[in-house]
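What follows is a single structure, written as structure tokens, with notes after it.
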Amino acid sequence: MNETLFLVCPSDCLEARINKQYTTVNYFYTSLGNSFNIDQGALKNIQELITNHSIKNIYFVLSSDNRFILDALKGHFIFKDKRLASFYKEIREHKHLSKKTWITDNNEHLIISHFLNKNIEQLDLKLHSITTNPLSIKGLIFDSLTNNFLPIYSNLTMINKHQLN
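Everything in the sequence shown is counted per numbering that gives the first Met the number 0, starting at 0 for the first residue and increasing by one.
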């Protein structure tokens, strides 16, 4: 059986949509805005899920109208949680950089893609050091306007500094 772990934000309420779209046996791990710090406790929980349920696929999923992402993009910090402070800062920085390096009216997909790519890279690095199971880790954005799951820009490159010679 093909079993899948979805890392989701509980405020998006995507579990039923995921179960309808993806007919695998699905497991869910939540964190606000998918901003979780992959500390030893989270890593141990994820490793146990992978081992106990023979998970082969992992998806980071965020909605295009995720309230934490939108708050950060608009500069509204409704949730004054210390754990979310670095998340808000990171999203603001990506918004600022994307305005300088991309010509588009809608950078949300770019910013969410970059954020999820960073999470994928971190989780992949940590899981490869503790498991020998081959894993596929990808990202999805739920487009609330079309009710579709869209792949993130997996080959997206964001630079920390833009400089012209």
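Idealized CB from N, CA, C, for every residue including glycine.
Source: prediction; values computed, not measured.
About 13 Å separates the beta carbons of L13 and Y28, which is beyond the 8 Å limit, so they are not a contact pair.
When only Cα atoms are considered, S143 and T130 end up about 35 Å apart. A straight-line Cα-Cα distance of about 5 Å links G138 and Y58.
D64 sits in coil when the DSSP states are folded into three classes, being neither helix nor strand.
By alpha-carbon distance to S153, the top candidate from K117, P133 and S128 is K117. Annotation for I129: no alpha helix (DSSP H) segment contains it, and DSSP assigns it neither H nor E. DSSP places N18 in the uninterrupted alpha helix (DSSP H) bounded by E14 to Q20. Apart from the 5 residues on each side of it in sequence, D38 has no Cβ closer than 7 Å to any other Cβ in its chain. When DSSP states are grouped into helix, strand and coil, D38 belongs to the coil group. The beta carbon of L134 lies closer than 8 Å to those of I49, I54, K55, N56, I57, D123 and L126 in the same chain, with the five residues before and after it left out. S62 sits close to F141, with the two beta carbons spaced by under 8 Å. In this structure, the beta-carbon distance from C8 to N65 falls below 8 Å. Buried is the label assigned to V60, since at least 16 other Cβ atoms lie within 10 Å of its Cβ.
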